[in-house]
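Visitor: In my numbering, the protein residues as written are 7 to 616.
For every residue, glycine included, the Cβ atom is placed at its ideal position computed from N, Cα and C.
Rendered as structure tokens:
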């Protein structure tokens, strides 16, 4: 539907049973986030907080909390956007089927941004302290904007068509920030806005930045959509929203005329301040580090502005539904981007970036009798050099031989891989390399390792389960779980140091060598996680967020030959918590109990307060 504002979207959602209003006063310090998390966990509706302590503005969350709700909001334009992606991947389709795609081309032409007038926008100037200052997790460094649309322009090629609209978290207060005059921007220099900053720095000029909050939901999605180079996020927002992105300039800053709030300011060369901690989407805190400082110029709000926010944490969360929506729109783009690769899946349950699954091809060596990954390795290198995919830490890539392998069926995909991986040859490390800023499994920020597991051909093992009694008498084992066939999770004694870990693992491997491990492909050590029943999602989160491949991968019968590491028995991953790991996210029990007591009998919220 072509919403003209966030208010119009909210009215439509409420009318169709997708949103509830909360009229009681709610504290933005932890309470709002707790309510959101409870409702999302119950697959509940969007939430409109009408009475937020400390501000006159209402707040909305969980807009994108289900794929059905997102599809409902974009019900009139969704198919056209999918067709545009298809046209980009297969341009000849428009020639073969001109009538089918005629309206799609017109939709794209009508989506170009349109300049308007600031004087008729209705914006009033306010201060940062007037905004809803929402703190999500107990150890957060302050209040954050979690659904911002951060706008910047290329100083060498100014104008909206060469701009970048990205979603980078914004810290509004706390730490050393001077309230109302300074805020923190969390982004890396390789991102779109980072490229703009680098160019501005080279000319010794500040980068002008505008932050939009709210507006039609298509604007929010455009800010997080991984668009190819040269495609404007503003144009995409117009196509998806069925309405041109309206903008103007005020004091040299771009203003979204349909946003609910706009914050403008400058980022000066080499001007940083500590940002964080922040409870992030891996399920841990990203800690305090220097990030760009934005000096606030002016802050604007519409008279009935609504503040849009989300809460991130251990997945699945609302950003999980974001990911599903993005895949629905652009999943077909992968084959044209990376030849031979049919599918790619960043596994949300593992925090997205730590674990990447891919389906590739082995097309060029059918005459070889020896079935081993060849083209898959070229494809793996391409994947790890492509945009956000380059942040992957673990990449499992398998060759689809008959069109039945799909990496979005995580359990089936792991079964396929574990049945075929030959650990003497199919493990490929990238050591001393870059790592996602939010991943603290490496020893320093942005530093760590990657590993590729590539498999093709016929099964070399039949997966099974190990009877826990087989491990009786092994020192350090507290419990044994088997979340899927071929994988054993061992609750082990706590990690002490890397040197101690080497001793622990050498002793454990020696003891395992005397046990029949037929059917077991992977053993994972963990601690600091109490559960009676280890689920597949628990396995994915613990294993791939709490390990650094170069330091934490071991194996039964390991060897190094011509600088290639492998093992003859099961692979072992030490996923125990390390001293340098970031703290895990946990709800404040006192706040949680207070929220449950206040809303357990609420007519709309009560069923989620468990």
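1. Considering only residues of the same chain and omitting the five flanking positions on each side of residue 119, which have a CB-CB separation below 8 Å?
2. Just the C-alpha distance for residue 134 and residue 277, rounded to the nearest angstrom, thanks.
3. Counting beta carbon pairs with one atom in the stretch 421 to 441 and one in the stretch 570 to 588, are three or more of them shorter than 8 Å?
4. Taking 8 Å as the cut-off, decide whether the C-beta atoms of residue 315 and residue 67 are in contact.
5. Determine the closest residue to residue 600 out of 615, 487 and 380, with distance taken between C-alpha atoms.
6. Which runs of the beta strand (DSSP E) spanning at least 3 residues fall entirely within the stretch 301 to 354, listed in chain order?
7. What's the gap between the Cα of residue 317 and the Cα of residue 39?
8. Whole angstroms is fine: what's the gap from residue 88's alpha carbon to residue 335's?
9. Residues in its own chain within less than 6 Å of residue 403 by CB, not counting five upstream and five downstream?
10. Reducing DSSP to helix, strand and coil, say where residue 203 ends up.
11. Provide the residue span of the beta strand (DSSP E) that contains residue 256, from first to last.
12. If you drop the 5 nearest sequence neighbours on each side, which residues of the same chain put their C-beta closer than 6 Å to that of residue 11?
13. Under a Cβ-count criterion, where at least 16 other Cβ atoms within 10 Å of its own Cβ denotes burial, should residue 14 be classed as buried or exposed?
14. Let me confirm a value: residue 437 is counted as buried when at least 16 other C-beta atoms fall within 10 Å, else exposed. Which label applies?
15. How many Å lie between residue 489 and residue 18 at the Cα?
16. What is the DSSP secondary structure of residue 237, reduced to helix, strand or coil?
17. Look at residue 173 and residue 79 and say whether their C-beta atoms are less than 8 Å apart.
18. Can you check which of these residues, 453, 510 and 221, is closest to residue 481 by C-alpha distance?
19. When we look at the beta-carbon of residue 538 and count the other beta-carbons within 10 Å, is it buried (16 or more) or exposed?
20. Kindly list the residues whose CB is nearer than 7 Å to the CB of residue 396, restricted to its own chain and excluding five residues on each side of it in sequence; keep chain order.
21. Hey, quick one: how far does the alpha helix (DSSP H) through residue 604 stretch, first residue to last?
22. Quick check on this structure: which residue in 141, 308 and 155 has the alpha carbon closest to the alpha carbon of residue 125?
23. On the CB-based measure, 16 or more other CB atoms within 10 Å of its CB, does residue 606 come out buried or exposed?
24. From what residue to what residue does the alpha helix (DSSP H) around residue 547 run?
25. Would you mind stating whether residue 147 and residue 34 have Cβ atoms separated by less than 8 Å?
26. Should the stretch 209 to 216 be called in touch with the stretch 225 to 233, which here means at least 3 C-beta pairs below 8 Å?
27. Three or more beta-carbon pairs under 8 Å between the stretch 149 to 164 and the stretch 287 to 295, yes or no?
28. Does DSSP put residue 32 in a helix, a strand or coil?
29. From residue 421 to residue 297, what distance separates their C-alpha atoms?
30. Measure the C-alpha to C-alpha separation of residue 495 and residue 183 and round it to an integer number of angstroms.
31. Closest by CA to residue 322, which one among 65, 547 and 32?
32. Whose CA, out of 274, 264, 270 and 255, lies closest to the CA of residue 208?
33. What does DSSP give as the partner residues of residue 495 in its beta bridges?
34. Following the continuous alpha helix (DSSP H) through residue 382, name the residue where it begins and the one where it ends.
35. Assuming contact is defined by CB atoms lying nearer than 8 Å, are residue 220 and residue 267 in contact in what I supplied?
36. Who are residue 436's beta bridge partners in DSSP?
Guide: To lay it out plainly:
1. Numbered from 1 along the chain shown, position 113 holds the residue referred to as residue 119. Only 166, 167, 238, 240, 241, 244, 250, 251, 252 and 253 meet the Cβ criterion.
2. On the chain shown, position 128 is the one that residue 134 refers to. On the chain shown, position 271 is the one that residue 277 refers to. Distance between the alpha carbons of residue 134 and residue 277 is about 20 Å.
3. Result yes; three or more Cβ-Cβ pairs closer than 8 Å.
4. For the purposes of this step, residue 315 is taken as the residue at position 309 of the chain shown. For the purposes of this step, residue 67 is taken as the residue at position 61 of the chain shown. It is a contact, given that the beta carbons lie within the stated cut-off.
5. Sequence index remark: in the chain shown, residue 600 carries index 594 (1-based). Of the residues 615, 487 and 380, the one whose Cα lies closest to the Cα of residue 600 is 615.
6. For the stretch 301 to 354, the full-length beta strand (DSSP E) segments reaching 3 residues or more read 312 to 315 and 349 to 352 along the chain.
7. Counting from one through the chain shown, the residue named residue 317 turns up at place 311. Counting from one through the chain shown, the residue named residue 39 turns up at place 33. Residue 317 and residue 39: Cα-Cα distance of roughly 6 Å.
8. For this step, residue 88 is matched to residue 82 along the chain shown. For this step, residue 335 is matched to residue 329 along the chain shown. Cα-Cα distance, rounded: 5 Å.
9. Counting from one through the chain shown, the residue named residue 403 turns up at place 397. Cβ neighbours of residue 403 beyond the five flanking positions: 364, 366, 382, 386 and 460.
10. On the chain shown, residue 203 is found 197 positions in, with the first residue counted as 1. The three-state secondary structure of residue 203, taken from DSSP, is helix.
11. Numbered from 1 along the chain shown, position 250 holds the residue referred to as residue 256. Counted as a single uninterrupted DSSP element, the beta strand (DSSP E) harbouring residue 256 occupies residues 252 to 256.
12. The residue you call residue 11 lines up with position 5 of the chain shown. Same-chain partners within the cutoff: there are none.
13. Here the question's residue 14 lines up with position 8 in the chain shown. Residue 14 comes out exposed.
14. Reading the chain shown from its first residue, position 431 is the one you call residue 437. Classification for residue 437: exposed.
15. Position 483 of the chain shown, counting from 1, holds the residue named residue 489. Position 12 of the chain shown, counting from 1, holds the residue named residue 18. Approximately 42 Å between the Cα atoms of the pair.
16. Locating residue 237 in the chain shown gives position 231, counting from the first residue. In this structure, residue 237 counts as coil in the three-state DSSP scheme.
17. The residue given as residue 173 occupies position 167 in the chain shown. The residue given as residue 79 occupies position 73 in the chain shown. Result no, Cβ atoms of residue 173 and residue 79 do not sit closer than 8 Å.
18. Position 475 of the chain shown, counted from the first residue, corresponds to residue 481. When only C-alpha atoms are compared, the closest one is 510.
19. The count along the chain shown starts at 1 and reaches residue 538 at position 532. Its Cβ having fewer than 16 others within 10 Å, residue 538 is exposed.
20. In the chain shown, the residue the question calls residue 396 occupies position 390. In chain order, 390 place their CB closer than 7 Å to the CB of residue 396, counting only its own chain and leaving out the 5 sequence neighbours on each side.
21. Along the chain shown, read from residue 1 onward, the residue named residue 604 stands at position 598. First-last of the alpha helix (DSSP H) with residue 604: 595 to 605.
22. The residue given as residue 125 occupies position 119 in the chain shown. Per the Cα distances, 308.
23. Counted from its first residue, the chain shown places residue 606 at position 600. By the neighbour-count rule (16 or more Cβ atoms within 10 Å), residue 606 is not buried but exposed.
24. Sequence index remark: in the chain shown, residue 547 carries index 541 (1-based). In the DSSP assignment, residue 547 falls within the unbroken alpha helix (DSSP H) covering 542 to 551.
25. As a position in the chain shown, residue 147 is number 141, starting the count at 1. As a position in the chain shown, residue 34 is number 28, starting the count at 1. Cβ distance not < 8 Å, so residue 147 and residue 34 don't count as in contact.
26. Judged by Cβ distances under 8 Å, the stretch 209 to 216 makes no contact with the stretch 225 to 233, as fewer than three pairs qualify.
27. Not touching, per the Cβ criterion.
28. Start at 1 with the first residue of the chain shown, and residue 32 comes out as number 26. It is a strand residue.
29. In the chain shown, residue 421 corresponds to position 415, counting from 1. In the chain shown, residue 297 corresponds to position 291, counting from 1. Each residue's Cα considered, the two are about 41 Å apart.
30. One-based indexing of the chain shown puts residue 495 at position 489. One-based indexing of the chain shown puts residue 183 at position 177. When the Cα atoms are used, residue 495 and residue 183 turn out to be separated by approximately 44 Å.
31. Reading the chain shown from its first residue, position 316 is the one you call residue 322. Considering only alpha carbons, the answer is 547.
32. Here the question's residue 208 lines up with position 202 in the chain shown. The closest CA to that of residue 208, considering only 274, 264, 270 and 255, is found on 274.
33. Counting from 1 along the chain shown, the entry for residue 495 is found at position 489. In DSSP, residue 495 forms a bridge with 487 and 530.
34. Position 376 of the chain shown holds residue 382. In the DSSP assignment, residue 382 falls within the unbroken alpha helix (DSSP H) covering 381 to 389.
35. What you label residue 220 is simply residue 214 of the chain shown in a count that begins at 1. What you label residue 267 is simply residue 261 of the chain shown in a count that begins at 1. A contact, by the Cβ cut-off of 8 Å.
36. Here residue 436 corresponds to residue number 430 of the chain shown, with the count starting at 1. DSSP output for residue 436 lists 456 as bridge partner(s).
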